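Okay, so here's the structure we're looking at.
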Amino acid sequence: LFQITYFDLENFKYQVKMLFISQNYTSKVDLWQMGALFSAFCAIATFLLCIFNREPETFFSGLSSKTAYRFCGLKSYEDKVSAQFKRCSLVHVNVLLRHGTRAPDSKSIKSFTDLHERLKESYNNGSPIPYKLLTHPIPFKNAAAKELLPRGFQEHDGLGRRFFNLMRQHFNFTIENVDFYSSSIDRCIASGRAFYNGFINGPTIKPIWNRTLYCGNEEIPNSCLLNNQSPEINNNDHYKKKNITINNYLLRFFADCKNYIENIEKNKSAIREYYQFLNSNYIINSYENFIKRFNLKRENYTFDDLKIIFLACAYEVAAMDDYDDLSPWCSLLTPYDYPVWEYLADLKHYWRKSYGYELNYEQSCPLLGEIIQQIYNVAINFQKNNYSQNNPTLHRGSFWFGHAETILPIVAALGIFNNSIGHSTLHKLTADSFDERLRMIYDTDVPSPTMFRTSYIAPFAGNVAFLLYYCPDLEDSDNDLDKFRVKVLINEKTISWPLASSIQPPTLDHPGETNASLTTILQYFNGCMPNNYDNNKVCSLHKTF
């Protein structure tokens, strides 16, 4: 009955306030005013019900890159071509994954401690700070900075089990036909180990949420995850030790590209839209509301403190057990505030890691090219062996463990979730686009396939899967490669891929299809292939912004 937005709470408060002001607190309220108030009450009650039931589009789903994987609000995009895959055979799976839920960095943990002390002081001076916050442990005070948390282990253990089941439903394979790669960063390696544990059906991992517990980097700790001497593992005939190959060149390309580091990562002017929105009325209003709600002194609090609150809430929501109470840090912001601070974070991700600049995603070519090369090699091998699923030499899967800075550029290189689709000119994410963002999120039941939103793309444990299918009846072509189709999944959901659209350029009504022919992919990404891509040309210092 009601189309609920985050602004209903503020509208309800405003209507109540204006109603009683207009009546001077004593006059009778006429029927139309009662009706308006009742409607507003019903709307906000419905909204709060959604919050408590944790529906997909509560603030749980909008915490930018700190969104929990289980709260990612992305839904599958379906088209007519999807049904035709019933006649196809899955041949190969190639998946890029972000590490799971991690602890904050040491700077953030220090900021939580500092802000907690100032809020405690304000409470002692009469501010109505929630008492529960004051007795709540400082988030992650005893955790190792940036290390994988128990929830992160559990996320990847589950992903490993689900991708194993997907593959086993379509073909038999052994672990020798599957490869694992990781960046050298501990949380990525730990994520790979947890994924591998699930992939080989090791002991189930449970997300033990304890603010004094963290998972170290030497071996997978028994208290977090898995006893490597477990009899279930040692007695498993299918279990064989599989090494994770470290490859920073492919998975941390952003850390070695000098052109990117100097001109974008270290260049504040490259994210001017971020700073412009930081000084917008939306941020100012959120700050003023915070000050007034808790009767705080402005000289003691800044805009940065609200960013810290947003982060503290996001990290605790991601790490908490499903039956834990909501972090009291989350109560310091209103439902009105969350999409504002999410958008601020997304502007930084967009301009530093995604469509903001071509270099952001052009530098991901070595990894994307290697993935496509592996897929192509599998297709050729499959052809040479008469399309047999029983070929023991067929490479069945690759799993890559990296970062948000790995996934966001790859998704941009693929052209997915691009706001420019359907526009005659580039349609970038800007400080002035916030209202448009809200409409795209809340005006439809299914998330827009042309909307950039970090929580849809790179939540904790976010992933991009390339599924190679052989479809003998799908294409009437002399080129056998046309019978190989690649479907891309984002966070295990089918998506609209503009590259695959039968209408070029894609339109808002026809933004893409769920899969593309291998021939189309090889042609489109020819410049990214290992023998064609020139990393020195892209990453040497020669561009300015």
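The numbering of the sequence shown is the numbering used here, which starts it at 2 and goes up by one.
Backbone N, C-alpha and C define an ideal beta-carbon position, used for all residues, glycine too.
This structure is a prediction, so every number in the text was calculated from the model and none was measured.
Quiz prompt | Cα-Cα separation between P450 and P393, rounded to whole angstroms | solution = 38 Å
Self-check item: Residues of its chain near H543, where Cβ-Cβ distance is below 6 Å and the 5 sequence neighbours each way are ignored
Solution: none
Quiz prompt | Of the listed residues N391, Y339, F164, nearest to S65 (C-alpha basis) | solution = When only C-alpha atoms are compared, the closest one is Y339.
Quiz item: In the structure shown, what three-state DSSP assignment does Y470 receive?
Solution: In this structure, Y470 counts as strand in the three-state DSSP scheme.
Exercise. Under 6 Å Cβ to Cβ from C529, same chain only, skipping five residues before and after it: list those, please.
Key: C366, L369, G370
Quiz item: Can you tell me whether DSSP reads R99 as helix, strand or coil?
Solution: strand
Exercise. Decide if T515 is buried, meaning its Cβ has at least 16 other Cβ atoms within 10 Å, or exposed.
Key: buried
Self-check item: CA-to-CA distance, G463 to Y164, given in whole angstroms
Solution: Note that residue 164 corresponds to Phe in the displayed sequence, not to Tyr. Cα to Cα, the separation comes out at about 14 Å.
Self-check item: Any 3 or more C-beta pairs closer than 8 Å across the region 188–195 and the region 396–412
Solution: yes
Quiz item: Taking the C-alpha atoms as reference points, what is the distance between H483 and L475?
Solution: In the sequence on display, residue 483 carries Asp and not His. Cα-Cα distance, rounded: 9 Å.
Quiz item: Can you tell me the Cα-Cα spacing of L469 and V487, whole angstroms?
Solution: 5 Å
Exercise. Identify every run of the alpha helix (DSSP H) within the region 103–189, keeping only runs that are complete inside it and at least 4 residues long; order them along the chain.
Key: 107–125, 132–136, 151–171
Quiz prompt | Candidates I504, I496, H396, T303: closest to I458 by CA position | solution = Of the candidates I504, I496, H396, T303, the residue whose Cα lies closest to the Cα of I458 is I496.
Self-check item: alpha helix (DSSP H) segment containing R253, residue limits
Solution: Unbroken run through R253: none, as it is neither H nor E.
Quiz item: Touch check for the region 104–122 and the region 132–146: three-plus C-beta pairs under 8 Å?
Solution: yes
Exercise. Excluding the 5 residues preceding and the 5 following R55 in the sequence, name in chain order all residues of the same chain whose CB lies nearer than 8 Å to its CB.
Key: Bear in mind that the predicted position of R55 carries a pLDDT of just 35, short of 50, making it unreliable; the figure below should be weighed with that in mind. The answer, listed in chain order, is F61, F72.
Quiz item: Taking I285 as the reference, which of P151, W342, S123, A256 has the closest Cα?
Solution: W342
Quiz prompt | As assigned by DSSP and simplified to three states, the class of L49 | solution = Any reading at L49 needs caution, since the residue's pLDDT is 47, under 50, leaving its predicted position unreliable; the model's value is listed next. If DSSP states are grouped into helix, strand and coil, L49 belongs with the helices.
Exercise. Reducing DSSP to helix, strand and coil, say where R194 ends up.
Key: Three-state result, R194: helix.
Exercise. Would you please state the rounded distance, in angstroms, between the beta carbons of Q168 and V92? I believe it to be under 8 Å.
Key: The sequence as given places Met at residue 168; Gln does not occur at that position. That pair is no contact at about 10 Å.
Self-check item: Beta-carbon proximity list for D436, same chain, < 8 Å, skipping 5 on both sides
Solution: none
Quiz item: Leaving out the 5 sequence neighbours to the left and right, which residues in its chain are closer than 6 Å to A346 when beta-carbon positions are compared?
Solution: Annotation for A346: S65 place their beta carbon closer than 6 Å to its own, counting only its chain and skipping 5 residues before and after.
Quiz item: In terms of residue numbering, what span does the beta strand (DSSP E) encompassing G398 cover?
Solution: That run of the beta strand (DSSP E) goes 398–403.
Quiz item: Which residues bound the beta strand (DSSP E) around A320?
Solution: Not the beta strand (DSSP E): A320 falls in the alpha helix (DSSP H), residues 304–320.
Quiz item: Can you name, in chain order, every residue of its own chain whose Cβ lies under 6 Å from the Cβ of N290, other than the five neighbours on each side?
Solution: none
Practice problem: Would you check whether the ligand MG has a heavy atom nearer than 7 Å to the C-beta of N202? | Solution: Looking at this structure, you won't find the ligand MG or any other ligand, since it has none at all.
Exercise. Give the straight-line distance between the Cα atoms of S281 and A501, rounded to the nearest whole angstrom.
Key: 38 Å
Self-check item: K494, DSSP secondary structure in three states
Solution: strand
Exercise. Please name the residue in A144, M441, I381 whose C-alpha comes closest to that of F485.
Key: I381
Quiz item: How far does the beta strand (DSSP E) with A517 in it reach, from first residue to last?
Solution: 516–518
Quiz prompt | W352 vs I417 beta-carbon contact at 8 Å | solution = At the C-beta level, W352 and I417 stay beyond 8 Å of one another.
Quiz item: Buried or exposed: Y324, going by 16 or more other Cβ atoms within 10 Å of its Cβ?
Solution: exposed
Quiz item: With DSSP run on the structure shown, which of helix, strand or coil describes E454?
Solution: Looking at the sequence shown, residue 454 is not Glu but Arg. Correct three-state label for R454: coil.
Exercise. Hey, could you find the ends of the alpha helix (DSSP H) K269 is sitting in?
Key: Counting along the chain, K269 falls outside any alpha helix (DSSP H), and DSSP gives it neither H nor E.
Self-check item: Identity of the residues DSSP links to S90 by a beta bridge
Solution: Y471
Quiz item: Between which two residues does the alpha helix (DSSP H) carrying D338 extend?
Solution: 338–354
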